[in-house]
Amino acid sequence: MKKDAQALLQLATTALKRAGANDRMAEAAARHLVHAEEHGLPTHGMSRVPFYCGMLRKGRADGAAEPSLLADRAGACLIDNRDGLPYVSVQWAVEEVIQRARRNGIGFSGIRNSAHVGVLGIHLLPVARAGLVGFAFTNSPAAIPPWGGKKPLFGTNPVAA
């Protein structure tokens, strides 16, 4: 990475706040984007700042959204992201998974009403640091046509472990 991480963090945070994200949302998203840059994944790094700012400005993401817990079970929980940028919810979900896995031997969390989640593997780093094994999944809109087709039918549906 050629740029100073702290400068990128400040740049992204400021842009996201100006576009309407609350402080916590802007900082969490900016941290993730800088981590993507640090891991050599610029397609999911700073290049996403204009995309997220556009989502906020056009009302496709709610900059004031605060996630809430919808369901809470011993080994699982469901978080409603409330249509904000997803990084606060993802951090919360990962913390919950780690706690639940330590307490119950397994932990699962789901997030709904979310958006582009960035690099799934980066979200799993705290799980690995905790000495646990984790899997992350997400869905995506139709982007790829079936063999011989022209119209997109399948999503890329990323998976990380």
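In my numbering, the protein residues as written are 1 to 161.
We treat Cβ as the ideally placed atom computed from N, Cα and C, and that holds for glycine.
**Request:** Please state if the CB of Gly75 and the CB of Phe51 are separated by a distance shorter than 8 angstroms.
**Result:** What you label residue 51 is simply residue 51 of the sequence shown in a count that begins at 1. What you label residue 75 is simply residue 75 of the sequence shown in a count that begins at 1. No. Outside cutoff.
**Request:** Give the single residue among Ser140, Asn139, Val94 and Ser114 whose Cα lies nearest to the Cα of Leu124.
**Result:** Here residue 124 is taken as the residue at index 124 of the sequence shown, counted from 1. Out of Ser140, Asn139, Val94 and Ser114, the CA that lies nearest to the CA of Leu124 is found in Val94.
**Limits of the alpha helix (DSSP H) - the one that Ser114 falls within** = For this step, residue 114 is matched to residue 114 along the sequence shown. Per DSSP, Ser114 lies in no alpha helix (DSSP H) and is assigned neither H nor E.
**Request:** To the nearest angstrom, report how far apart Arg60 and Ala15 are at their CA atoms.
**Result:** Counting from one through the sequence shown, the residue named residue 60 turns up at place 60. Counting from one through the sequence shown, the residue named residue 15 turns up at place 15. The straight-line gap from Cα to Cα measures roughly 16 angstroms.
**Message:** I'd like the list of long-range same chain contacts for Glu159, defined as Cβ closer than 6 angstroms, with 5 residues on each side in sequence excluded.
**Reply:** In the sequence shown, the residue the question calls residue 159 occupies position 159. According to the sequence displayed, residue 159 carries Val and not Glu. In its chain, beyond the 5 residues on either side, Phe137 have a beta carbon closer than 6 angstroms to the beta carbon of Val159.
**Request:** Within the same chain, show all residues whose beta-carbon is closer than 8 angstroms to that of Phe104, passing over the 5 residues directly before and after it, in chain order.
**Result:** Taking the first residue of the sequence shown as position 1, residue 104 is located at position 104. Checking the sequence shown, residue 104 turns out to be Asn, not Phe. Closer than 8 angstroms at the Cβ level, and outside the excluded window around Asn104, lie Ala74 and Gly75.
**Message:** Within 10 Å of its beta-carbon, does Asp80 have 16 or more other beta-carbons around it, so buried, or fewer, so exposed?
**Reply:** Residue numbering aside, residue 80 sits at position 80 when the sequence shown is read from its first letter. It is buried - the Cβ of Asp80 has at least 16 other Cβ atoms within 10 Å.
**Item:** Euclidean distance between Cα positions of Arg57 and Ala19
**Value:** Locating residue 57 in the sequence shown gives position 57, where the first residue counts as 1. Locating residue 19 in the sequence shown gives position 19, where the first residue counts as 1. Spanning the two alpha carbons is a distance of roughly 6 angstroms.
**Asked** Could you give the residue range of the beta strand (DSSP E) that holds Leu11?
**Response** By one-based count along the sequence shown, residue 11 stands at place 11. Unbroken run through Leu11 is the alpha helix (DSSP H), Ala5 to Arg18; no beta strand (DSSP E).
**Item:** Residue of Ala21, Arg82 and Ala161 minimising C-alpha distance to Val119
**Value:** On the sequence shown, residue 119 is found 119 positions in, with the first residue counted as 1. Here the closest residue by C-alpha is Ala161.
**Request:** Give me the Cβ distance between Met55 and Ala12, rounded to the nearest whole Å; I'm assuming they're in contact under 8 angstroms.
**Result:** Counting from one through the sequence shown, the residue named residue 55 turns up at place 55. Counting from one through the sequence shown, the residue named residue 12 turns up at place 12. Actually they do not touch by this definition, with Cβ atoms about 14 angstroms apart.
**Asked** Which stretch, first to last residue, makes up the alpha helix (DSSP H) that contains Asp83?
**Response** For the purposes of this step, residue 83 is taken as residue 83 along the sequence shown, with counting starting at 1. Where Asp83 is concerned, there is no enclosing alpha helix (DSSP H), given that its DSSP letter is neither H nor E.
**Request:** Can you tell me the Cβ-Cβ gap for Leu78 and Leu70, rounded? I've got them flagged as a contact below 8 angstroms.
**Result:** The sequence position of residue 78 within the sequence shown is 78, counting from 1. The sequence position of residue 70 within the sequence shown is 70, counting from 1. In this structure Leu78 is in contact with Leu70, their Cβ atoms being roughly 5 angstroms apart against a cut-off of 8 angstroms.
**Message:** Using DSSP's beta-bridge definition, name the partner residues of Leu153.
**Reply:** Along the sequence shown, read from residue 1 onward, the residue named residue 153 stands at position 153. Leu153 pairs with nothing; no bridge assigned.
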